[in-house]
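Here our numbering = 1-based position in the sequence shown + 138. Ideal placement from N, C-alpha and C gives every residue a C-beta, glycine not left out. Being a predicted model, the structure only gives us computed values, none of them experimental. Since the structure comes first, as structure tokens, the remarks are kept for the end.
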Amino acid sequence: MQQTFYKYQGTGNDFVMIDNRQQTFDKNNIERIMFLCDRRFGIGADGLILIEDHSNADFEMIYFNADGSQSLCGNGGRCAVTFAKQLGIIDDKATFEAIDGLHHATIENGIVKLQMLDVDLVEIHDSHVFLNTGSPHHVQFEDDLSILDIKTKGAKIRYGAPYNEPGSNVNFVKKISDATFAVRTYERGVEDETLSCGTGVTAVAIAMHALGESSNNLITLNAQGGELQVSFDVVDRVYKNVWLIGPAKFVYTGEI
């Protein structure tokens, strides 16, 4: 069976996109999903996204990590919005269902603003911060990101106590200025560094504000694959109106 697919990337975080409104793709076939994401034997991607019809929203985004597990993906959500626009499902605004609930988004000149869920719990520890921005994230400072072995150090934290199973994504951070931070991320489900992680940079922005490292409510995050921004409001220590902002681009389409 031939499968038409589309390839998208958001600051280097890349995805295989499939229009599954006709339910032609078997989303229970995890081996097939892993094959399509395989960079040597398949198409190659950090994750696979299915766009499906939804009764109360513009569409539903079903996201799979490269290992077949499911989670929320911020950059994937931004790419899904761009894909939905290409398919003619939306114009410049979208409401879609993801694994963690409804999300709102806007798209203008290739820049997608994706509203994330409120964050009401930021755990501040001596060596790190932990919070959930749709996916769990460990955030810690590092003096020199350029020499860090992200895969080795990230995996040790991801699989270690207190996370164990199902584990956590891991973000390493260097402060550039009050409103700018450099980030490298080990992503759970990919089990390696990704060039960018949307829920990860969202977690970093909120963690930096909670720690008092930034007084801004618009923070720029420099990931390996490009620049993203996160804006938010703080009401009674709850982070509300959280938006992930950045480019999402179509790369190519094909059949496999």
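Select from 325, 333 and 366 the residue whose C-alpha is nearest the C-alpha of residue 343. The sequence position of residue 343 within the sequence shown is 205, counting from 1. The residue with the shortest Cα to Cα distance from residue 343 is 366.
Quick one: measure Cβ to Cβ for residue 310 and residue 357, integer angstroms, because I've assumed they're closer than 8 Å. Reading the sequence shown from its first residue, position 172 is the one you call residue 310. Reading the sequence shown from its first residue, position 219 is the one you call residue 357. That pair is no contact at about 16 Å.
Ranges of the beta strand (DSSP E) found wholly within the segment 242–301, counting only runs of at least 3: 249–253, 260–262, 267–270 and 274–279
According to DSSP, is residue 181 part of a helix, a strand, or is it coil? The count along the sequence shown starts at 1 and reaches residue 181 at position 43. The answer is coil: DSSP assigns residue 181 none of H, G, I, E or B.
7 Å CB neighbourhood of residue 245 in its chain, flanking five on each side removed: Counting from 1 along the sequence shown, the entry for residue 245 is found at position 107. If we look at residue 245 and ignore the five residues flanking it on each side, its Cβ neighbours are 219, 220, 223 and 230.
Contacts around residue 289, its chain only, beta-carbon distance under 7 Å, and the 5 residues preceding and following it disregarded: Start at 1 with the first residue of the sequence shown, and residue 289 comes out as number 151. These residues qualify, in order along the chain: 324, 330 and 331.
What whole-angstrom Cβ distance do residue 155 and residue 189 have, given they're in contact under 8 Å? If you number the sequence shown from 1, residue 155 lands on position 17. If you number the sequence shown from 1, residue 189 lands on position 51. Residue 155 to residue 189, Cβ: 7 Å. Contact.
Cα separation between residue 354 and residue 147? One-based indexing of the sequence shown puts residue 354 at position 216. One-based indexing of the sequence shown puts residue 147 at position 9. Each residue's alpha carbon lies about 28 Å from the other.
At least 3 beta-carbon pairs within less than 8 Å: the segment 298–312 vs the segment 270–277: yes
Quick one: what's got a C-beta closer than 6 Å to residue 248's C-beta in the same chain, skipping five residues either side? The sequence position of residue 248 within the sequence shown is 110, counting from 1. These residues qualify, in order along the chain: 385.
Looking at C-alpha atoms only, which residue of 392, 253 and 279 is the closest neighbour of residue 340? Here residue 340 refers to the residue found at position 202 of the sequence shown. Among 392, 253 and 279, the Cα nearest to that of residue 340 belongs to 253.
Assumed close pair residue 345, residue 260 - CB separation to whole angstroms, cut-off 8 Å: Locating residue 345 in the sequence shown gives position 207, where the first residue counts as 1. Locating residue 260 in the sequence shown gives position 122, where the first residue counts as 1. Indeed, because the Cβ distance is near 7 Å, the residues count as touching under 8 Å.
Sequence-distant residues of its chain with Cβ nearer than 7 Å to residue 269 (five each side left out): Within the sequence shown, residue 269 is the residue found at index 131, counting from 1. Same-chain partners within the cutoff: 257, 259, 260, 261, 275, 341, 344 and 345.
Looking at residue 327: is its Cβ nearer than 7 Å to the Cβ of residue 158? Reading the sequence shown from its first residue, position 189 is the one you call residue 327. Reading the sequence shown from its first residue, position 20 is the one you call residue 158. No. Outside cutoff.
So the candidates are 316, 281 and 298; which of them puts its Cα closest to the Cα of residue 322? For the purposes of this step, residue 322 is taken as residue 184 along the sequence shown, with counting starting at 1. If we check each option's Cα against that of residue 322, 281 comes out closest.
Hey, could you find the ends of the alpha helix (DSSP H) residue 169 is sitting in? The residue given as residue 169 occupies position 31 in the sequence shown. Per DSSP, residue 169 belongs to the alpha helix (DSSP H) from 168–175.
Provide the residue(s) that pair with residue 199 in DSSP beta bridges, ordered along the chain. Within the sequence shown, the letter at position 61 stands for residue 199. Residue 199 is bridged to 189.
Pick out whichever of 313, 392, 295 and 233 has its Cα sitting closest to the Cα of residue 279. Sequence index remark: in the sequence shown, residue 279 carries index 141 (1-based). Checked all of 313, 392, 295 and 233; the closest Cα to residue 279 is 313.
Boundaries (first-last residue) of the alpha helix (DSSP H) holding residue 328: In the sequence shown, the residue the question calls residue 328 occupies position 190. Counting along the chain, residue 328 falls outside any alpha helix (DSSP H), and DSSP gives it neither H nor E.
Would the beta-carbon of residue 194 fall within 7 Å of that of residue 151? The count along the sequence shown starts at 1 and reaches residue 194 at position 56. The count along the sequence shown starts at 1 and reaches residue 151 at position 13. No, they are not a contact pair.
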